[in-house]
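Using the working numbering, you'd call the opening residue of the sequence shown number 27 and step up by one each time. Note that CB positions come from ideal geometry on N, CA and C, so glycine has one too. Just below is one structure, and these are the notes that go with it.
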Amino acid sequence: MTTDLHKHLIACLACLALLIPSCALAQAGEIRILIDVSGSMKRNDPENLRIPALKLITGLLPRGSRAGVWTFGKYVNMLVPLGAVDDAWRGRAMAAADNINSHGLYTNMEETLADASWGWSETGEAARRSIILLTDGYVDISPDPEKNRASRDRILNVLLPRLQQAGVSIHTIALSGDADTALLRQLAAATGGSHELARSAEKLERLFFHMFERSANPDTLPLEDNTVLVDETIEELTLLIFRGEHAPETRLTTPHGITFAHGKLPPNVRWHREKRYDLITIDQPMAGEWRVDAETDPDNRVMVVTNLQAVTTRLPENIALGDEHTFYVRLLDHGKVIEKKEFLYFIRVNVTQESSSGERWEWMLLDNGRRGDARPGDGTYTLRLDRSLAAGAHRLTVEIDGTTFKRIRHQTFNVHDSPVLAVIESGAENQEEIPVLSVIPRAGMIVPDSMVVQATLSDGAGMEQTLDVPRANHNEWRAALGGYPAGRRYRLDLRIQGERPDGKPLDSTAGPLYFGARPAQKAVEEVTEDITQPAVETAPAERDNEGAANDDASPNWLWVGIQVLLINILAIGGLIFAYRKWFAFNTQLPGTWKAQLQE
Numbered sequence: 027m028t029t030d031l032h033k034h035l036i037a038c039l040a041c042l043a044l045l046i047p048s049c050a051l052a053q054a055g056e057i058r059i060l061i062d063v064s065g066s067m068k069r070n071d072p073e074n075l076r077i078p079a080l081k082l083i084t085g086l087l088p089r090g091s092r093a094g095v096w097t098f099g100k101y102v103n104m105l106v107p108l109g110a111v112d113d114a115w116r117g118r119a120m121a122a123a124d125n126i127n128s129h130g131l132y133t134n135m136e137e138t139l140a141d142a143s144w145g146w147s148e149t150g151e152a153a154r155r156s157i158i159l160l161t162d163g164y165v166d167i168s169p170d171p172e173k174n175r176a177s178r179d180r181i182l183n184v185l186l187p188r189l190q191q192a193g194v195s196i197h198t199i200a201l202s203g204d205a206d207t208a209l210l211r212q213l214a215a216a217t218g219g220s221h222e223l224a225r226s227a228e229k230l231e232r233l234f235f236h237m238f239e240r241s242a243n244p245d246t247l248p249l250e251d252n253t254v255l256v257d258e259t260i261e262e263l264t265l266l267i268f269r270g271e272h273a274p275e276t277r278l279t280t281p282h283g284i285t286f287a288h289g290k291l292p293p294n295v296r297w298h299r300e301k302r303y304d305l306i307t308i309d310q311p312m313a314g315e316w317r318v319d320a321e322t323d324p325d326n327r328v329m330v331v332t333n334l335q336a337v338t339t340r341l342p343e344n345i346a347l348g349d350e351h352t353f354y355v356r357l358l359d360h361g362k363v364i365e366k367k368e369f370l371y372f373i374r375v376n377v378t379q380e381s382s383s384g385e386r387w388e389w390m391l392l393d394n395g396r397r398g399d400a401r402p403g404d405g406t407y408t409l410r411l412d413r414s415l416a417a418g419a420h421r422l423t424v425e426i427d428g429t430t431f432k433r434i435r436h437q438t439f440n441v442h443d444s445p446v447l448a449v450i451e452s453g454a455e456n457q458e459e460i461p462v463l464s465v466i467p468r469a470g471m472i473v474p475d476s477m478v479v480q481a482t483l484s485d486g487a488g489m490e491q492t493l494d495v496p497r498a499n500h501n502e503w504r505a506a507l508g509g510y511p512a513g514r515r516y517r518l519d520l521r522i523q524g525e526r527p528d529g530k531p532l533d534s535t536a537g538p539l540y541f542g543a544r545p546a547q548k549a550v551e552e553v554t555e556d557i558t559q560p561a562v563e564t565a566p567a568e569r570d571n572e573g574a575a576n577d578d579a580s581p582n583w584l585w586v587g588i589q590v591l592l593i594n595i596l597a598i599g600g601l602i603f604a605y606r607k608w609f610a611f612n613t614q615l616p617g618t619w620k621a622q623l624q625e
């Protein structure tokens with residue numbers, strides 16, 4: 027179990043390490059990583075898997091980006107000072123990761139968010155700003171619950187608005203079911219980030235690795251049948267290879283047929299090996315086809331530093347159902363769009379979109395000014411996304427084949443039929459546990475200051491009433507649902523009104539949501555079981571008497587004999603009739619006829 031958790035946690039944080047959505051021509055991003063070191067981590071992370079996870083993040087962060095690492099318990103510690111990611115920064119981060127522990131007395135999220143976001147103010151910079159927050163608990167700064175509640179409120183009403191204004195995306199990971207998922211989910215939804223609950227080891231690794239890929243959008247090469255085509259423009263090659271528990275040692279084979287592994291490396295190769303992954307970086311790799319001798323894994327990746335880049339439109343994390351988006355693909359050489367016709371002639375651009383429901387769409391893009399392409403020969407390949415944007419989770423893959431080079435890019439997004447995230451949680455009012463409705467606006471889908479929420483409550487038996495859901499804090503509308511008769515099942519349908527960020531009016535719905543008594547399925551099953559049993563069991567003496575009565579009754583042997591005789595007569599007659607039919611049919615067939623076998 028712990029080894030699976032190791033693998034999943036590493037990938038989860040690796041994914042989040044690259045949760046820096048990059049636009050086509052955006053500046054290098056900035057990421058700040060916040061890691062919980064409270065005492066409860068001894069239980070939820072007994073093997074201290076945060077160490078190899080941070081080391082993987084360190085190896086994957088794009089060169090030229092800016093990053094820093096903070097740990098928090100009762101106090102906040104800057105584990106790795108904020109700085110530009112280069113070899114020196116990576117070395118400091120690798121060494122500092124070994125100092126992660128679980129000695130903290132509290133969980134001071136407020137102070138770590140405030141300290142880590144220092145220097146971020148509202149600006150028009152193109153660089154993407156991201157925070158990764160990893161915790162397993164609630165806001166906990168004191169034995170006094172009121173002080174903890176006040177700290178949580180300041181996060182939502184003071185820090186969150188400031189981070190929104192600064193354009194920060196907060197990506198949150200709950201490492202246990204004991205974490206304040208309501209708070210973490212709200213921080214992510216309000217800033218266009220992602221929230222994941224690592225409830226099981228089986229989900230953890232893949233879950234967060236996909237988040238990593240969704241947000242980082244690094245330059246990558248296709249890894250097909252464990253081979254990768256490296257072209258002459260590649261300055262640095264980084265391979266992330268995940269290993270199973272009993273997987274053989276990972277080996278690489280160069281285009282010249284030279285094979286090497288972790289033990290003995292060429293001078294231009296750096297190989298970081300952990301229990302569940304290999305992270306291999308090659309400076310100035312040889313051009314040609316490289317082979318990876320390892321287990322095939324759909325999450326293995328090849329990331330590169332190159333001046334020949336494929337850049338694409340970065341779609342929003344959240345898209346409203348019914349919206350249309352124009353998607354662009356360009357090739358850049360040293361930051362400039364390639365427009366040479368003799369070069370573009372050999373380029374093939376294919377886009378694939380897959381939905382969580384199993385639907386798949388494919389397009390071949392041409393720079394010819396037709397079928398949606400804006401202008402021929404401008405080096406920009408255009409795709410109009412409309413009918414394929416159905417509600418659900420989607421994955422978009424762009425594959426570029428230039429004969430002598432290849433590039434691939436992935437991104438994921440969600441299409442929502444409602445601009446809010448609405449849930450019913452368990453809350454407390456006057457020391458009594460009651461259901462509480464929580465409505466959180468999704469970033470980029472509705473302006474919070476314009477939002478009005480109404481709920482229609484019904485019980486299926488004729489009762490119906492309308493509730494106004496009040497704003498509880500900067501980014502949450504909340505209503506207690508106590509005081510209703512017990513033993514009933516209640517339904518909530520929400521109406522959401524307001525404005526979209528582009529100023530257009532919005533009138534939408536959410537739900538239905540349910541609370542109260544669940545359908546009495548168990549009771550129905552018990553009643554059914556009772557019905558199938560005898561209402562009254564026969565007493566043993568009565569059963570003995572029944573047996574004696576049956577023994578006294580003798581069968582009517584004359585009637586039995588007549589039935590047997592009739593059955594035999596019918597059987598013999600049927601056989602005679604079938605034989606005569608077969609004989610007549612057989613005499614009509616030509617002598618050369620043969621049965622035809624079905625192919």
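Buried versus exposed, by CB contacts within 10 Å (16 or more), residue i
i    : result
A200 : buried
T84  : buried
G284 : Rather than Gly, the amino acid found at residue 284 in this sequence is Ile. Burial call: exposed.
Q144 : The question names Gln, but residue 144 is Trp in the sequence shown. By the neighbour-count rule (16 or more Cβ atoms within 10 Å), W144 is not buried but exposed.
D528 : exposed
T554 : Here the model assigns T554 a pLDDT of 40, short of 50, so the residue's position is not dependable, and the following value carries that caveat. Classification for T554: exposed.
K432 : buried
A549 : Below a pLDDT of 50, predicted positions are generally treated as unreliable, and A549, at 41, falls in that range; no measurement from the model is reported.
M471 : buried
V165 : buried
H420 : buried
G94  : buried
Q212 : buried
L210 : buried
F369 : exposed
R477 : The question names Arg, yet the displayed sequence has Met at residue 477. Answer is buried; the Cβ neighbour count reaches 16.
K81  : buried
P244 : buried
E343 : buried
M67  : buried
R178 : buried
Secondary structure of residue i, DSSP reduced to three states
i    : result
I196 : strand
I284 : coil
W389 : strand
E368 : helix
W297 : strand
D184 : Inspection of the sequence shows that residue 184 is occupied by Val rather than by Asp. If DSSP states are grouped into helix, strand and coil, V184 belongs with the helices.
T138 : helix
D113 : helix
I83  : helix
I345 : strand
M104 : strand
A419 : strand
K362 : strand
S177 : helix
P531 : strand
A205 : coil
Cutoff 7 Å; reference residue i; Cβ partners in own chain excluding five residues on either side
i    : result
G403 : E365, K367, D393
P187 : H500
D349 : L415
E459 : S452
Nonlocal neighbours in the same chain, by C-beta distance under 6 Å from residue i, ignoring five residues either side
i    : result
N103 : T97
A273 : E321
Reference residue i, options the options, closest by Cα
i    : options                : result
P538 : P531, G488, D443, A512 : D443
R515 : I466, Q523, A346, P461 : P461
R118 : L105, E136, H221       : L105
R58  : L139, A215, A114       : L139
L507 : A498, L493, G513, R497 : L493
F268 : A216, D251, V295, R327 : R327
E275 : E262, V295, Y303       : Y303
L357 : D427, D325, L411       : D427
V377 : I181, T408, Y101       : T408
I158 : S382, Y354, H221       : H221
Close beta carbons around residue i, own chain, < 8 Å, minus the five adjacent residues each side
i    : result
M312 : V256, T280, P281, H282
E525 : I472, V473, S476, P531, L532
Neighbour flag for residue i against chain C, beta carbons, 8 Å
i    : result
L415 : Annotation note: the requested chain C is absent from the structure, which comprises a single protein chain.
Identify every run of the beta strand (DSSP E) within the segment 451 to 489, keeping only runs that are complete inside it and at least 3 residues long; order them along the chain.
DSSP assignment within the segment 451 to 489 yields the following whole beta strand (DSSP E) runs of 3 residues or more, N-terminal first: 458 to 467, 478 to 484.
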